[in-house]
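Protein chains in written order, with the working numbering: chain Y, 1 to 283; chain Z, 284 to 566; chain B, 567 to 849; chain D, 850 to 1132. Glycine is no exception: its CB is placed at the ideal position from the N, C-alpha and C atoms. Everything numeric in this text was worked out from a predicted model, so none of it was measured. Below you'll find the structure, written out as structure tokens, and then a few comments.
Number of protein chains: 4
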Amino acid sequence: MTHATLLISCPDQKGITAAVTVFIFNNNGNIVSADQHIDEQTNTFFMRIEWSLDGFDVARGEIKGEFNVLAEKFNMQWTLHFSDKLFNIAIFVSKHLHCLYDLLLRHKEGQLNCRISLIVSNHLDAKNIAKEFGIKFLQFDVTRENKEDQELRQIEALKKENVDLIVLARYHQILTDSFVQQFPSKIINIHHSFLPAFVGGDPYRQAYQKGVKIIGATSHYVIEELDAGPIIAQDTTRVTHRDSLEDLIRKGQDLEKIVLSRAVRWHLHQKILCYNNKTVVFE
Amino acid sequence: MTHATLLISCPDQKGITAAVTVFIFNNNGNIVSADQHIDEQTNTFFMRIEWSLDGFDVARGEIKGEFNVLAEKFNMQWTLHFSDKLFNIAIFVSKHLHCLYDLLLRHKEGQLNCRISLIVSNHLDAKNIAKEFGIKFLQFDVTRENKEDQELRQIEALKKENVDLIVLARYHQILTDSFVQQFPSKIINIHHSFLPAFVGGDPYRQAYQKGVKIIGATSHYVIEELDAGPIIAQDTTRVTHRDSLEDLIRKGQDLEKIVLSRAVRWHLHQKILCYNNKTVVFE
Amino acid sequence: MTHATLLISCPDQKGITAAVTVFIFNNNGNIVSADQHIDEQTNTFFMRIEWSLDGFDVARGEIKGEFNVLAEKFNMQWTLHFSDKLFNIAIFVSKHLHCLYDLLLRHKEGQLNCRISLIVSNHLDAKNIAKEFGIKFLQFDVTRENKEDQELRQIEALKKENVDLIVLARYHQILTDSFVQQFPSKIINIHHSFLPAFVGGDPYRQAYQKGVKIIGATSHYVIEELDAGPIIAQDTTRVTHRDSLEDLIRKGQDLEKIVLSRAVRWHLHQKILCYNNKTVVFE
Amino acid sequence: MTHATLLISCPDQKGITAAVTVFIFNNNGNIVSADQHIDEQTNTFFMRIEWSLDGFDVARGEIKGEFNVLAEKFNMQWTLHFSDKLFNIAIFVSKHLHCLYDLLLRHKEGQLNCRISLIVSNHLDAKNIAKEFGIKFLQFDVTRENKEDQELRQIEALKKENVDLIVLARYHQILTDSFVQQFPSKIINIHHSFLPAFVGGDPYRQAYQKGVKIIGATSHYVIEELDAGPIIAQDTTRVTHRDSLEDLIRKGQDLEKIVLSRAVRWHLHQKILCYNNKTVVFE
């Protein structure tokens, strides 16, 4: 059974929830879940509402148009998504393959409701895995000099496959601003620290040197500033003086897999709204 | 600014959310928060909706009556609560006083929006603390023989103080069925294990003997069956072979304080609905 | 560089640590790590001591004999292990393959210092994975009637491969007592609950019905009694009323993988001592 | 029964453990616990060894002298502590009193084996609590201009009371370098963030603005650089977009209490060694 999901944000005022739910009810829709949140600092209203299209009076292609009347009234930013419209994902990866493997296995087990159309890498290490899972693999050598050109070719490939979500599963290249700007809130990265601690390269080594007693992992949308985009999910685990750098890396990898797949899953289920460089996650 | 909060459960059908939100909107209320949940096993709809009474068109005393029309239509079970109507709490305690102290300090710091009207104990250990915090203290010797009589006297005292929430903060007496039945979903207990493991007496010793690597604490509503009521909150912490029974007790006490106060807080904020011997917690 | 590791338990008395460390020092060994623990309830002494064989004066084949003098004096139970002597593992699995996959990938990444000699199953689902990773796969149909016979054939296969650790990675068959008795403290199981809660079949469903707010996973050595052997590792994660049974299963699988691989790793590194149906884990 | 505890660090070489344990054994001591660690980066050996003085052949006053022979041979830095020699603690606090209260209650319950000799504050808020618990209270107005003078008076008071551990339980003044240098590894601070994230003032507000999904608390020894000393303990808890700044503060306070008291407890039990601006904690 197909569901429709609206993600809405707008200035808060009286009657938004009533208007949206009445719109659905009057058209004979059955609300499956509804969540809302008001950010009091900015007086912003956020809503996620999901309803069954079974018996809904408005034809699928006309929902956008009909809802727009209401949306304009309340000055909404909004997206509409249908549950049978699968996301097309591209996974970017370098030499550490655990997150890639994890996403592929979760996909195989039915945990990730999407198509994985493309694996992109600056190395060849993931090539065999891509083959094994029957996914198109593209390798792009990236140097400081050719980065912009290679990114243009990457963008071309992404567009060709209609990719609408890019997952950086330990992709060890910094994307240029112009790449990032083409995919706003459509690139999810895993950073192997509890951000904002240990931005940048080799965060486990930084954590080891600092002697922290807890390490973490953070998934976030990518913005121009490095490791500074809206945080989607974080998790942490305990370490001790007995843990070597290798132990931190090993323990951290378990966090990375969980935290990245959680973010991707939430994105696929339309659970995330961004504002103010933060996220609302209707878990 | 006073808020009204409705807690609703009913068989799921189309239009419930719309009807409730329109009721509030048409009467000029501003929804502050709204949460809903559908239990698919039993096809039950749950809702918590909170709105500001500032400018609301229905007089406070008449909201119940007006809403009842709608409630009957959907066959709702529901409660209405006003945020300026403070709960009256009685805390029952025996010889372990850490949870009592914790609740009193949180109350003093403004974390628990309620009145603490009464401290009840089968011992005298808490007497001085009650005095120090200026709270009425009643001690009832409880034996197997006099338990029913003493409970009647306790109930009398609770009614006199208009107590509407009883918190068993490590009260080491099993309440009789007839006591429990007088306060349905109005008695919160802390059990010092991750239920359903280690029901009954001395759960830390049971955990120690069993050699578990994690201990826990559970807050739940009290029903007739011992330690079997709807679970509200749980938390766990790691232990090792180096931890003695005393260490387990010490570490567990930190959990107990957090888990009990969380449940009490949620109850005070009308966040909890019970069904099917489980809870929906609109955290 | 090869290390030797002694795991020792004996009645506590003065001088054990001194005797053991002097034994190593006088033979020119360099202690790499040493841990000890005294269980005060039973007055039992536990020790794990690891030293480099580089320049050690006693020939490898004679260490056992020489140490035995000392061991008899203190009435020790002890094992000696050399780090270059890899464990031979057999993984038993049924239809849920996530733990199997996880162990194989960790092994591939170098996290598990062992040989995986055999994958055993009562089904055929894992056959292709075994092939892909180049590991021998044996399938045994198991029914109530043929279980004992099949187990005899399994034991034969295990002996042929010199298997010294059996990992039940979601193997949904209860082993007979006679099988278990052949491999004391050599069978590690993952149970998908925080034992002792939810023993037996379908623990996630039990947890769902109970309405717990935390689910867990437990790895333990297998003894005759079901799900009752010495606990090695446990972990937990938070769930809410919004989590369906499928969500519990999905979240739980992440725990299972972490908790099982942790136990296997500790076993491979000789970190675990059993006593009194509990474990000492020199993490 | 009195125990002696040695904390040792020195360059690693063969025979250290043997020498120390033989020293204790030959003098008829019974080792109660022994832990060691080797930092491979710096080739440093760390040891904590605790033994019963019951029947020990060396008189208490002469242990230092006798052990020194061995200590010099191995170029050790070391401290010797007797379990019946209680630490003298001073607690510094400003306006947030939850950590102070927590320490006092734990002390009352016997969890902290020390004397609390002094409560120092730049405000008067804690005065009544000090009185209630029968502890000397000193208030020092601190301004930018008089800070050095006031610190001199504070040091005088600390020396008069023979204070050997200062606990900054949310003391909102930055100590001068000269104060800090007088108490190396003898000042424990609680910082209300998971350091190194959110150094400095108002870390909960920083966390809230950043939109993190996890908050933390860190206890550490104080060094001249702000919030940069060796980390002793850390813990974290989950937050969501629904949590206001006040919720973060409330949730964080529970962490602060646990993390600070854990550090103090470990210090009192001689569990902590510092090196390289990190800690070894023999938990």
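The three-state reading of DSSP puts P203 (chain Y) in helix, counting H, G and I together. In terms of beta-carbon proximity, A600 (chain B) lines the interface with chain D, with at least one pair separated by less than 7 Å. For G216 (chain Y), the enclosing beta strand (DSSP E) covers residues I214 to Y221. Note on N43 (chain Y): under 16 other CB atoms within 10 angstroms of its CB, so exposed under the neighbour-count rule. The beta carbon of I1037 (chain D) is closer than 8 Å to those of L1014, I1015, V1016, L1017, S1068, H1069, Y1070, V1071, I1081, L1109, A1112, V1113 and H1116 in its chain, skipping five residues each way along the sequence. Counting only runs that start and end inside the stretch 66-117 of chain Y, the alpha helix (DSSP H) elements of at least 4 residues fall at 98-108. A straight-line Cα-Cα distance of about 58 Å links E151 (chain Y) and L386 (chain Z). Residue state for R60 (chain Y) is assigned as helix, using DSSP reduced to three classes. I258 (chain Y) sits away from V239 (chain Y), with the two beta carbons spaced by 7 Å or more. For E161 (chain Y), same chain residues with a beta-carbon under 8 Å away, outside a window of 5 residues either side, are N88, A90, S117, L118 and K136 in chain order. Inclusion of H172 (chain Y) and S83 (chain Y) in the CB contact set at 7 Å is not warranted, their separation being larger than that value. DSSP places N1038 (chain D) inside the beta strand (DSSP E), whose first and last residues are I1036 to H1040.
Secondary-structure assignment with DSSP links Q319 (chain Z) through a beta bridge to Z:M330. By the C-beta density criterion, G676 (chain B) is exposed, having fewer than 16 other C-beta atoms within 10 angstroms. When DSSP assignments are scanned along the stretch 524-566 of chain Z, the uninterrupted stretches of beta strand (DSSP E) that are 3 or more residues long and fall wholly within it turn out to be 555-558 and 561-564.
Per DSSP, the beta-bridge partners of L704 (chain B) are B:V686. Using a CB distance cut-off of 7 Å, T279 (chain Y) does not count as an interface residue toward chain Z. By DSSP's assignment, D235 (chain Y) forms a beta bridge with Y:A217.
Distances from the alpha-carbon of K297 (chain Z) to those of Y:Q13, Y:P11 and Y:T21 put Y:T21 closest. Contact of E428 (chain Z) with chain D by beta-carbon distance below 7 Å is absent, the smallest such distance being about 33 Å. For a cut-off of 8 Å, the C-beta gap from G1060 (chain D) to K278 (chain Y) is around 3 Å, short enough to register as a contact.
With respect to chain Y, the C-beta atom of P1033 (chain D) has no partner C-beta closer than 7 Å. Under the DSSP assignment, L1001 (chain D) falls in the alpha helix (DSSP H) whose first and last residues are K996 to K1009. Secondary structure of A197 (chain Y) (DSSP, three-state): coil. Contact of Q234 (chain Y) with chain D by beta-carbon distance below 9 Å involves V1061, K1062, I1063, T1085 and R1087. Residue state for T583 (chain B) is assigned as helix, using DSSP reduced to three classes. A126 (chain Y) is positioned such that its CB atom lies no closer than 7 Å to that of V163 (chain Y). Burial is judged here by how many other beta carbons sit within 10 angstroms of a residue's own beta carbon; P486 (chain Z) has at least 16 and is buried. Chain Z places no beta carbon closer than 7 Å to that of P577 (chain B), leaving this residue out of the contacts.
Per DSSP, the continuous beta strand (DSSP E) segment holding V167 (chain Y) begins and ends at L165 to L168. Residues of the stretch 521-537 of chain Z with a C-beta atom less than 8 Å from some C-beta of chain B are T523, H524, R525 and S527, listed in chain order. Judged by DSSP secondary structure, I8 (chain Y) falls outside any alpha helix (DSSP H) and instead within the beta strand (DSSP E) spanning H3 to P11.
In this structure the stretch 28-38 of chain Y lies against the stretch 316-326 of chain Z, because at least three pairs of beta carbons, one per stretch, are closer than 8 Å. Annotated three-state conformation of N128 (chain Y) is helix, per DSSP. From the beta-carbon of H603 (chain B), the residues of chain Z found nearer than 8 Å are H524 and R525. Nearest in C-alpha terms to A763 (chain B), of all of B:T802, B:T709, B:R614 and B:I695, is B:T802.
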